[in-house]
Amino acid sequence: MTPQCSFGIRRFPLAFSFAHQNFKPSVRSNLSGKMIALVIFDLICSHHFIALISSILLLLVLRFYIFVYFIDSFRLRRLPGPFLAKFSRLWLAYISRRGRRYQSIHQAHLKYGKIIRIAPNEISIADPDATPIVLGHGTRTTKSDFYDAFVSVRRGLFNTRDRSEHARKRKIVSGTFSQRNVLEFEPLIASIIQTFIKKWDQLSISPTFQRETLINSWKSIDCLPWLNFLAFDIIGDLAFGEPFGMVERAADVTPVERDGKVIYLSAIDILNSRGEYSMTLGCLPPFVRPYVAYFDPWFSRGRENVKNLTGIARNQVNKRLAQPNSSRKDLLARLQEGTDANGNPMGVEELTAEALTQLIAGSDTTSNSSCAILWWIVKHPNVHQKLLKELDEKLGGMNHSGVVSYNDSKDLVYLNACINEGLRRHSTSSIGLPRVMPKTVDFKGHLLIEGVICSIPTYEIHHDPEIWGDPWVFRPERWLEPDAKKYEAAFLPFSHGPRACVGRNLAIMQLQIIISTLIKRYDFRLKKPDQAELNTREGFLRKPVDCWIEFKIRSMS
Numbered sequence: 021m022t023p024q025c026s027f028g029i030r031r032f033p034l035a036f037s038f039a040h041q042n043f044k045p046s047v048r049s050n051l052s053g054k055m056i057a058l059v060i061f062d063l064i065c066s067h068h069f070i071a072l073i074s075s076i077l078l079l080l081v082l083r084f085y086i087f088v089y090f091i092d093s094f095r096l097r098r099l100p101g102p103f104l105a106k107f108s109r110l111w112l113a114y115i116s117r118r119g120r121r122y123q124s125i126h127q128a129h130l131k132y133g134k135i136i137r138i139a140p141n142e143i144s145i146a147d148p149d150a151t152p153i154v155l156g157h158g159t160r161t162t163k164s165d166f167y168d169a170f171v172s173v174r175r176g177l178f179n180t181r182d183r184s185e186h187a188r189k190r191k192i193v194s195g196t197f198s199q200r201n202v203l204e205f206e207p208l209i210a211s212i213i214q215t216f217i218k219k220w221d222q223l224s225i226s227p228t229f230q231r232e233t234l235i236n237s238w239k240s241i242d243c244l245p246w247l248n249f250l251a252f253d254i255i256g257d258l259a260f261g262e263p264f265g266m267v268e269r270a271a272d273v274t275p276v277e278r279d280g281k282v283i284y285l286s287a288i289d290i291l292n293s294r295g296e297y298s299m300t301l302g303c304l305p306p307f308v309r310p311y312v313a314y315f316d317p318w319f320s321r322g323r324e325n326v327k328n329l330t331g332i333a334r335n336q337v338n339k340r341l342a343q344p345n346s347s348r349k350d351l352l353a354r355l356q357e358g359t360d361a362n363g364n365p366m367g368v369e370e371l372t373a374e375a376l377t378q379l380i381a382g383s384d385t386t387s388n389s390s391c392a393i394l395w396w397i398v399k400h401p402n403v404h405q406k407l408l409k410e411l412d413e414k415l416g417g418m419n420h421s422g423v424v425s426y427n428d429s430k431d432l433v434y435l436n437a438c439i440n441e442g443l444r445r446h447s448t449s450s451i452g453l454p455r456v457m458p459k460t461v462d463f464k465g466h467l468l469i470e471g472v473i474c475s476i477p478t479y480e481i482h483h484d485p486e487i488w489g490d491p492w493v494f495r496p497e498r499w500l501e502p503d504a505k506k507y508e509a510a511f512l513p514f515s516h517g518p519r520a521c522v523g524r525n526l527a528i529m530q531l532q533i534i535i536s537t538l539i540k541r542y543d544f545r546l547k548k549p550d551q552a553e554l555n556t557r558e559g560f561l562r563k564p565v566d567c568w569i570e571f572k573i574r575s576m577s
């Protein structure tokens, strides 16, 4: 202890005695509080205190990182992988924070092999044969605590970890997305797409200088915001009874309910920020998560956008519930028909949580996928022309609305091949979805110990040359080959098993209608034809950064 600190401690008894004898109780209390603070400050300044804190921190590091490695409860020490990942989850958090998790996992698999260690208690298995074991029906695997980072108002279908609770929720929601119910949504979808192409027609047609005639000319745009507008408006109409109005306004200005007030923010920016934040937060140890926002403004902004996203859902739910006599069978109406664990109707909080799940799943995935599929088709003129030929031969002239119907598009063989290839090549959900093993399983000589977390990296599976032969080539024809059935086990755009995407039917219908309508109505070319890859960034989903194209109407008729 320093001389200054020793002197400080020796002098305090006299000071306390003096204060007690000469000051009133209120003053004595104030002085005593200040003196106690000074004592604590002196203690903190001491070398002994600093040494004690350092020792405690060292013991914590040893307890949570080094000892875990040597104890090796899950028998993972022999598995290869990044060095830091053997001791800490910080490697996963770091690559997620950079928005490049899928790429880092891909590079790690190239370096270390098909089964690698990516955290002290987590492994990544780049082998489709493991899919039924990790994600399949009857395996009783559960979602890991990674999903706790995605909970906001309450747990929804996506982030519920309890199996029985998930089964209850899925029973309510899955009926909503049955093929029969999805077909009832088509007129709503077509109406919004019709507004969309009306706006694009206006962009493409420009007046001459004399303003006597209209010229159909090439227009350069970033189509990503437009496809975001389209996806948000569709899910807004299907889920809450009315679109957000983004397509009509050509702008993302969305009402958000916060603290009883409605403010207007960008829903797309909120969704992107929330995805990156929750993705990174979920990679950190649970005991660290509540505190990171106090040390890094990036986490603080992300936490605010979790609240903002909830505010979007809450505002829409409250507006919809204010219309109890509505006859529309939208998603929220069907959720209201469901009951909770006690047989009671869902409360407002649970309705909001489920509505939030549908809002996220129905907007981000559709816009990202449709953007990527369109880009890859236009990137390859031979594919573009072949698809155009199929559309013209099978559909003939455009109908009065300009929107291709689901009935006309659902059986177009080459269209569906292009969609599958786009979903493979882009892989909107690129990460491995973590699952906790309920019992020990032997997978090809590797023991997956009970309690270990396993994941199947979608991007890696979708780009494995042993499966696809030429994985980096956009080639829709692979899906039309006689042995194309062999690809099914390795094709995971909607995941697999009981936790697979419940809205798959709706997503596929939207992609079929959107892609066929745009390709048939407009001529396209890339603004940067030499661009080799679509620029992307990863939150929970892998999303394009931009998508610059040039387009014009194919025919003025």
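With the numbering used here applied, the sequence shown covers 21 to 577.
Ideal Cβ placement from N, Cα and C applies to all residues, glycine included.
Keep in mind that this is a model prediction, so the values were computed, not measured.
Around the Cβ of Asp272, a 10 Å sphere holds 16 or more other Cβ atoms; the residue is buried.
Ala509 places its beta carbon less than 8 Å from that of Thr151.
Within the region 137-218, the runs of alpha helix (DSSP H) at least 4 residues long that lie entirely inside it are, in chain order, 151-154, 183-196, 199-204. Residue pairing by DSSP places Cys474 opposite Ile143, Arg455 in a beta bridge.
In the DSSP assignment, His483 falls outside any beta strand (DSSP E) and carries neither an H nor an E. With fewer than 16 neighbouring CB atoms inside 10 Å of its own CB, Trp492 falls in the exposed class. Taking all protein chains shown into account, Gly331 has 16 or more neighbouring C-beta atoms within 10 Å of its C-beta and is therefore buried. Ile469 carries a coil assignment under DSSP once its states are collapsed to helix, strand and coil.
Residue burial annotation: Gly156 is exposed, with fewer than 16 other C-beta atoms found within 10 angstroms of its C-beta. DSSP places Glu268 inside the alpha helix (DSSP H), whose first and last residues are 266-269.
Under the rule that a run must span 3 or more residues, no beta strand (DSSP E) segment is found entirely inside the region 308-371.
Assignment of beta-bridge partners to Ile569 by DSSP yields Ile241, Leu546.
With a threshold of 16 other beta carbon atoms within 10 Å, Asp566 falls short and is exposed. With a beta-carbon spacing of about 7 Å, Ser475 and Arg455 fall inside the 8 Å limit used to define contacts. Rounded to the nearest angstrom, the Cβ distance from Ile192 to Leu355 is 7 Å, consistent with a contact under 8 Å.
Contact check between the region 342-352 and the region 370-379: three or more CB pairs, one atom from each, fall below 8 Å, which counts as touching. Around the beta-carbon of Trp111, 16 or more other beta-carbon atoms lie within 10 Å, marking it buried. A Cβ-Cβ contact shorter than 8 Å links Ile473 with Asn141. From the listed residues Leu247, Gln378, Leu407, the smallest Cα separation to Arg190 is found for Gln378. Ile535 is positioned such that its CB atom lies closer than 8 Å to that of Ser390. Under the three-state reduction of DSSP, Asp253 is assigned to helix. Here the C-alpha atom of Asn338 lies approximately 34 Å from the C-alpha atom of Gly119. DSSP places Leu435 in the helix class (H, G or I) of the three-state scheme. Judged by beta-carbon spacing, Tyr542 lies beyond the 8 Å limit of Phe560, meaning their Cβ atoms are not closer than that value.
Residue range 287-301 is occupied by the alpha helix (DSSP H) that includes Thr300. For Thr537, the secondary structure class from DSSP, reduced to helix, strand or coil, is helix. About 6 Å separates the Cβ atoms of Val282 and Asn335, confirming a contact at the 8 Å cut-off. Judged by DSSP secondary structure, Arg117 falls outside any beta strand (DSSP E) and instead within the alpha helix (DSSP H) spanning 110-117.
Setting aside the 5 residues that flank it on each side, Val326 is surrounded in the same chain by Ser172, Arg294, each with a C-beta closer than 6 Å to its C-beta; the list follows chain order. Around the beta carbon of Asn402, a 10 Å sphere encloses fewer than 16 other beta carbons of the protein chains shown; the residue is thus reported as exposed.
Separation of Asp182 and Thr162 (C-alpha to C-alpha, rounded to the nearest whole angstrom) is 7 Å. In chain order, Pro491 place their CB closer than 6 Å to the CB of His483, counting only its own chain and leaving out the 5 sequence neighbours on each side. Under the three-state reduction of DSSP output, Thr274 falls in the strand class.
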